[in-house]
Amino acid sequence: MSAPAFAVPATATSSTTMRQAGENNIQAIWHNKNAKNVSGGPSSGLACMPVYARGGKPTLGEVCFQPYGDKFWVKDRRADGMHIEMRALYSGNTQTVFNCKDYKGAAAGWTACGFAKEMKEDQTINFAALVYDGTTRKYKGRTAYSKS
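Sequential numbering from 2 applies to the sequence shown in our numbering.
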């Protein structure tokens with residue numbers, strides 16, 4: 002997993018943008034969406050990954066990937082003014098980035114972004130939860146893997 006994709010937050014929302022990334026100035030395609038409110042939450046058995054504050058507690062948020070429909074579930078678990086983002090890449094490909102921002106807050110429960118039109122099938126997806134205070138990344142969760 003390449004550092005540039007997780008290091009810089011995307012600036013556009015609900016769009017696809019081209020961005021320069023890394024030392025070699027390689028163009029990257031960012032698929033950016035704002036999470037939408039949903040009823041319920043992800044089904045059991047999905048690949049999920051939490052993000053913690055330093056020291057391992059408390060859990061700040063969680064993200065899950067649902068391969069059927071290429072949907073990412075995002076949950077902010079703390080009413081602390083920060084927001085949760087899900088960032089995903091194809092394994093071995095740092096030029097295509099999927100970014101789902103949850104600005105709804107903890108009271109919203111689970112939110113979701115669908116990337117069915119943008120995501121290729123049968124690809125290994127690397128994804129993680131990130132916590133932002135405004136545009137400053139505060140925490141990054143461990144990377145999870147799943148198949149699209």
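Don't be surprised by glycine CBs; every beta carbon is placed ideally from N, CA and C. Here the structure is a predicted model, which means the values were calculated and not measured.
Check                                                                                              : Outcome
Exposed unless 16 or more other CB atoms sit within 10 angstroms - verdict on isoleucine 30        : exposed
Exposure label - glycine 70; buried when at least 16 CB within 10 Å                                : exposed
DSSP three-state assignment for methionine 2, whether helix, strand or coil                        : Per-residue confidence for methionine 2 stands at a pLDDT of 38, beneath the threshold of 50, marking its modelled position as unreliable; no derived number is given.
Within the stretch 47 to 110, ranges of the beta strand (DSSP E) (whole runs, at least 3 residues) : 48 to 53, 60 to 67, 72 to 77, 84 to 91 and 94 to 103
Option nearest lysine 37 by Cα separation, candidates Ala80, Leu47, Ser44 and Lys76                : Lys76
Where alanine 36 falls: helix, strand or coil (DSSP)                                               : coil
Euclidean distance between Cα positions of glycine 41 and phenylalanine 73                         : 13 Å
Per DSSP, cross-strand counterpart(s) of threonine 125                                             : Lys148
Delimiting residues of the beta strand (DSSP E) encompassing threonine 137                         : 137 to 141
Closest residue to alanine 145 among Lys58, Lys102 and Ile126 (Cα-Cα distance)                     : Ile126
Supposed close pair methionine 50, glutamate 63 - CB separation, criterion 8 Å                     : 7 Å
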